[in-house]
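Heads up, the thing below is written out as structure tokens.
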Amino acid sequence: MENNPKIKGTAWRQKHKRDLWLQILLPVLVIVLIGLVIGVLSAINGAKDPQTNAIWAGISLILLLLPYMLIGILLLIMIILTISLVSKAPAQITRHFSELNDLVLVLGHYARQVAAGSVKPIIRIKSNQAGVEKFFHILFRSFTKPQEKK
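Residues in the sequence shown are numbered consecutively from 174, following the working numbering.
This is the structure:
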């Protein structure tokens, strides 16, 4: 039996389209239609009884404000948690940073020793060369120009 990729490809596409319609589009359309029907019925009924419009206005206001209230409560909880973590964190951070600082100081000490060791021969050669030059400069200057005594 051969596996035909065209048949498999069309089968999953058809299943995807059917699932898209049944699981996403149909429920959204039903909710929108229910909302429209309730709106039209309340508008028709509102003409007969104005108190019904006031009740529905209050209900819609609550439904509109409810998500903002939930978001505000979640933000308040996040702020409280952040404040508590920030108040407890410095002790932990300070301890870990002091350990890290000690490690950095030790590494810096070794790095300075390596750097000093690598330039020590160059400094020794340059200083010996400067000393010899100064010696010959003083020696030849004293022979060429005798200093006057005052």
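Where is the CB? At the ideal position from N, CA and C, for every residue including glycine.
- Beyond the five residues adjoining it in sequence on each side, Ser-291 comes within less than 8 Å, by CB distance, of no other residue in the same chain.
- Per the coordinates, the alpha-carbon of Asn-301 lies some 14 Å from the alpha-carbon of His-310.
- With respect to Thr-225, Gly-219 sits close: the two C-beta atoms are nearer than 7 Å.
- Taking 7 Å as the cut-off, the beta carbon of Trp-229 is found closer than this to the beta carbon of Ser-215.
- Between the alpha carbons of Ile-246 and Ile-197 lies a distance of about 30 Å.
- Between His-282 and Glu-272, the alpha-carbon positions lie close to 16 Å from each other.
- No alpha helix (DSSP H) of 4 residues or more sits fully in the segment 216 to 246.
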